[in-house]
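Trainee: Residue numbers (the numbering used here): -1 to 324.
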Amino acid sequence: MVEPGPTTPTSPATPADDPATPTHPTPAPLASPVATNGQLKVVGNQIQNQNGVAVQLKGMSLFWSQWGSAFYNASVVNSLADNWKVTVVRAAMAVEEGGYLTNPAAEKARVKTVVDAAIAKGIYVIIDWHDHSATQHTAQSKAFFTEMAQLYKNTPNVIFEIFNEPDNESWSEVRAYAVEIIGAIRGAGAPNLVVVGTPTWSQGVDAAASNPITQYPNVAYTLHFYAGTHGQWLRDRAAAALSRGIALFVTEFGTCDASGNGNLNLNESQLWIDFMNSRKLSWANWSLHDKPETASALVPGASTTGNWPASALTPSGTFIKQKLLQ
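(1) How far does the beta strand (DSSP E) with F142 in it extend, from its first residue to its last?
(2) Checking the sheet assignment: what are the DSSP bridge partners for I180?
(3) Is DSSP giving Q324 helix, strand or coil here?
(4) Can you find the residues in the same chain that come closer than 7 Å, C-beta to C-beta, to L322, ignoring five residues on each side of it along the sequence?
(5) Can you name the start and end residues of the alpha helix (DSSP H) that F273 belongs to?
(6) So, using beta-carbon positions, are V40 and A218 closer together than 8 Å?
(7) Whole angstroms are fine: how far does the CA of E105 sit from the CA of I45?
(8) Determine the DSSP secondary structure at G97, reduced to helix, strand or coil.
(9) Figure out for me which residue from N35, E167, R184 and G304 has the closest Cα to the Cα of M146.
(10) Mapping the DSSP letters down to three states, classify N76 as helix, strand or coil.
(11) Cα-Cα, which of L279, I271, S276 and E291 is closest to K319?
(12) Cα separation between T316 and A26?
(13) So, is P298 buried or exposed, given that buried needs 16 or more other C-beta atoms within 10 angstroms?
(14) So A225 and E250 are in contact, right, with Cβ under 8 Å, and what is the actual spacing, rounded?
(15) Taking DSSP's pairing of strands, which residues face Y224 in a bridge?
(16) In three-state DSSP terms, what is K110?
(17) Compare the Cα-Cα distances from S59 to each of Q48, P290, W284 and L296 and report the closest residue.
(18) Here's the rule I'm using: 16 or more other beta-carbon atoms within 10 Å means buried, otherwise exposed. How should P307 be labelled?
(19) Would you kindly work out how many angstroms separate the C-alpha atoms of V75 and A118, rounded to a whole number?
(20) Hey, R111 and Y70 are a contact pair by Cβ (cut 8 Å); roughly how many whole angstroms apart?
(21) Going by C-alpha distance, which of T198, S276, N155 and L311 is nearest P88?
(22) Within 10 angstroms of the Cβ of N166, are there 16 or more other Cβ atoms? Answer buried if so, exposed if not.
(23) Excluding five sequence neighbours on each side, which residues of the same chain lie with their C-beta closer than 6 Å to the C-beta of H287?
(24) Between which two residues does the beta strand (DSSP E) harbouring R242 extend?
(25) Over the uninterrupted beta strand (DSSP E) stretch that includes W281, give me the two end residues.
(26) Could you compute how far the alpha carbon of G252 sits from the alpha carbon of A174?
(27) Which whole runs of the beta strand (DSSP E) in the region 152 to 220 are 3 residues long or more, in chain order?
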């Protein structure tokens, strides 16, 4: 779903954002999701909390950061946590098309704004290398995740998603890239959960299950679906992958066609919700944005600072908010 959109200029990182400055994490707010669940860890095919109980996070993905930057602010994160009861938010940091490769300081600043707001609210946050060609950007990814790992290694809120959606790459290519990036994250001292993309726009979970990453602990694999395009066959594939012992995380899904537009299919979306609930699969819906397309949760021109009235929600946004509040 790479389509141009308006850009919003962002000032570069200030000296206070110096990645060499170590973080001193503050305790999560009392009774918040992170206070309750703490550091997440993969055990078998489950993502478990600090007490060894399977946990299911539910939340929203922001849009490509270079085009959806107006929503990368603390007020949006606070509204999602307070009014939508999300337990996770995803910062989809664009890499190509005017993203990190072009403006690394601006993109890092956007991500850190969202991460720091999530930490303050005690919810989980996914730092997503939102790229379809990450194996071509290994050096840049390694430098970025090393920096983020050094910054947030003592912060249980943070989840590293190191390759959003491989498209034409084989699993062996993705796996080799992932091993290198996870090695950098672990080498920086970060035990945080890492989520690895799978082939064919993160639907090839069967390939990952056949040859999972064994060099490092605390690794889950990405499953993406769009309910207007992907049905029972992909749920069957996901169930088979789980039965082979890998953990899955649905870091992105849509209620419509894979284009992000077209047919809103709430019946199939509900079947997917039921499937994820039955297996405690964590999920983030695409996307918290006001682009005029079916997948957007907000209508065009909706507030970029949160507290959205019902009239500001699209049919997809209305449905997803209901699911989050259930």
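The beta-carbon is built from N, C-alpha and C at its ideal position, and this holds for glycine as well. None of these values were measured; they are calculated from a predicted model.
Mentor: This is what the structure gives:
(1) Run containing F142: none in the beta strand (DSSP E); it sits in the alpha helix (DSSP H), T136 to Y150.
(2) Beta-bridge partners of I180 (DSSP): none assigned.
(3) coil
(4) K56, W82, K83 and V84
(5) Here the alpha helix (DSSP H) through F273 covers L264 to S276.
(6) Yes. Within cutoff.
(7) 29 Å
(8) coil
(9) When each option's Cα is compared against that of M146, the closest is R184.
(10) helix
(11) I271
(12) Computed Cα separation, rounded: 29 Å.
(13) exposed
(14) About 12 Å separates the two Cβ atoms, so there is no contact after all.
(15) G252
(16) Assignment of K110 by DSSP, reduced to helix, strand and coil, places it in the helix class.
(17) W284
(18) exposed
(19) 10 Å
(20) The question names Arg, yet the displayed sequence has Thr at residue 111. Right, the Cβ-Cβ distance comes to about 6 Å (below 8 Å), so this counts as a contact.
(21) One point to set straight first is that residue 88 is Arg, not Pro, in the sequence displayed. For the residues T198, S276, N155 and L311, the minimum Cα distance to R88 belongs to N155.
(22) exposed
(23) Correct list, in chain order: F61, G66 and S294.
(24) Per DSSP, R242 belongs to no beta strand (DSSP E) and is neither H nor E.
(25) W281 to L286
(26) 29 Å
(27) 156 to 159 and 192 to 194
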